[in-house]
Structures are given as C-alpha cells and as structure tokens.
Amino acid sequence: MSSVATLRYPAKSHRKIVRLPEKSSKLAEFFGIMLGDGGIGNPWQLSITMNAEKDAQYAEYISDLCDHLFGIRPTSRKRQHTNALVLVLNSTTVVDFLISQGLSSGNKLEKGLRIPSWVLANFSYRTTCVRGLMDTDGCLYIHRHTTLGNKYQNIGLCFTSESGELIRQVADVFRQNDIEPHIIAQNTRIYLCSARAVESYLRVFGTSNPRISGLYESWKEAKVPDRRFKASVV
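The sequence shown: position 70 = 79 (our numbering), numbered continuously.
Here it is as structure tokens:
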C-alpha cells in the first residue's frame, strides 16, 4: 500500500502528486543508494551522482526505481567537463518522507551516516540496502599478477566510506551471512578478498548494477584459477 501526497506549496503551478511507499525491500535498496552516492541538498531536492559512462545503465535502473516507489522519475544531467552523471528528483514531499525514515539532509557524514534501524531489523531490507550501498560506493575489481611465471586474475570487492559506523554495520551484515569482511585503512574500507567471498556476496545480496555483474561474468568466463588476494597490497 502507498499514500498519495502533494507538495507543501499548493499555489505553485509545478506541484506534483507523489506516492509515499510503505517499507519494502525496494525502499531499503533506495536508501542504500542514497547512503552511497545520494544526497539531500535542500528541502525540495535530492540527487544521486555516478559515473556517466560506467553507470549509464544503472542510472536507468535507479530512475525506474524512483518511478516505482514515488510515481515520479528524476531528471538527469551530465556535469560539464567531468564524467559525472547526476540524477535529480524534485519533491518536497519525498524529501520530507525520506528524512522521516532516517536519511539526513546536508552533510550526511557530519549528521551521522548509518543504516536506519527499520532496515537493520529485517533480513530482506538490510540485504537490499547493502546491495544499494555496494552498487554505488562499492567496487568489484580484478587484480592481475604473475607468480613464478604464471599469470593470475584474482577478483575482489571493496567498499569505501568515511563513516566508521556505516563500515561496522555493513561488516556485521556480511558476518550474519557467513561472509568474512576485511576492514583496513582506519576503518574506512571493507574488502572481500577471494572469489569464494565475492561469489557468496553475489549469491546472497545480488546486484542491480550492470557494471558489477558484467565484470564478474567477464572474470568468470576467463576461468582463471582463484588465488587469495591480500588487501594490504591494494
């Protein structure tokens, strides 16, 4: 079920009718996206910034997700002289709703960047929220190296955040799913350092970002033997 609401400024000609969703896995995934690459800069607008080339398909997914959740689609624009694509959603009602459910406006690090308690309390919600975080602030990587004349390609996953609390929460969710995270760089990075850990992550959490699924499939098709990759050498 969802409710319909209008902007708080009814006299304005550009007022929108929006949908306010109930708590769900999709809403939790959107919260993960916002905790990662999103921000609320003013009382009527939220934005999500990503790579214009690598995340072009993912931007379409996010736009569809906004339409599904709120009944409106964000606009998109590419920043001049950069490779950044920005999705912008204008709605005071949606912003008020997201803040009421645990997001922060302004500098989210200073406000305390963390996964809301209603998300952590539900297995499905925390799973999709972490997926949203990884799809935005996470990086699947392939480390190529040569040992004793043999060439290897090792796959790993890295998540970076300046919020120690968020790092701790994500690490706890990993451990709850029998995935051991490696936390380094003064509690600002989490690594999954083996093919087994990455495969477990994708099996449990999945991904909505073709950048991640595409790289994983390319690595998998290469059929290169896995070797454990120590995060300390990154």
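We put the CB at the ideal spot given by N, CA and C, even for glycine.
Nearest in C-alpha terms to V182, of all of N163, G165 and M143, is M143. Where P30 is concerned, the enclosing beta strand (DSSP E) starts and stops at I26 to P30. The continuous beta strand (DSSP E) containing A93 extends over residues A93 to N99. Beta-bridge analysis with DSSP links F168 to G147 and I199. DSSP places T137 within a helical segment (H, G or I) once states are collapsed to three. Residue environment for D46: buried (at least 16 other C-beta atoms within 10 angstroms of its C-beta). Counting along the chain, L44 sits inside the alpha helix (DSSP H) bounded by residues S34 to D46. Excluding its 5 nearest sequence neighbours in each direction, L122 has C-beta neighbours in its own chain below 6 angstroms: S172 and L175, listed in chain order.
Pairing L44 with I124, the inter-Cα distance amounts to about 8 angstroms. Take C148, set aside five residues on each side of it, and the residues of its chain with a beta-carbon closer than 6 angstroms to its own are C167, in chain order.
Annotation for Q185: the continuous alpha helix (DSSP H) segment containing it runs G173 to Q185. F106 and N163 have their C-alpha atoms roughly 42 angstroms apart. Take F79, set aside five residues on each side of it, and the residues of its chain with a beta-carbon closer than 6 angstroms to its own are V27, R28 and V103, in chain order. Around the Cβ of R212, a 10 Å sphere holds fewer than 16 other Cβ atoms; the residue is exposed. Taken atom to atom, the span from the alpha-carbon of G50 to that of I221 is near 28 angstroms. Around the Cβ of A204, a 10 Å sphere holds 16 or more other Cβ atoms; the residue is buried. Check the Cα spacing between I188 and each of L118, L74, T136 and S109: the tightest is with T136. Judged by beta-carbon spacing, I108 lies beyond the 8 angstroms limit of I71, meaning their Cβ atoms are not closer than that value. Around G111, the same chain offers P125 as residues with beta carbons nearer than 6 angstroms, after the five sequence neighbours per side are excluded. Beta-bridge partners of K87 (DSSP): L94. Excluding the 5 residues flanking it on each side, S114 has same chain C-beta neighbours closer than 7 angstroms at I49 and I108, in chain order. Per DSSP, the beta bridge partners of N51 are Q54. Of the other Cβ atoms in all chains shown, 16 or more fall within 10 Å of the Cβ of L96; this residue is therefore buried. One Cα belongs to R198, the other to V179, and the distance between them is close to 11 angstroms.
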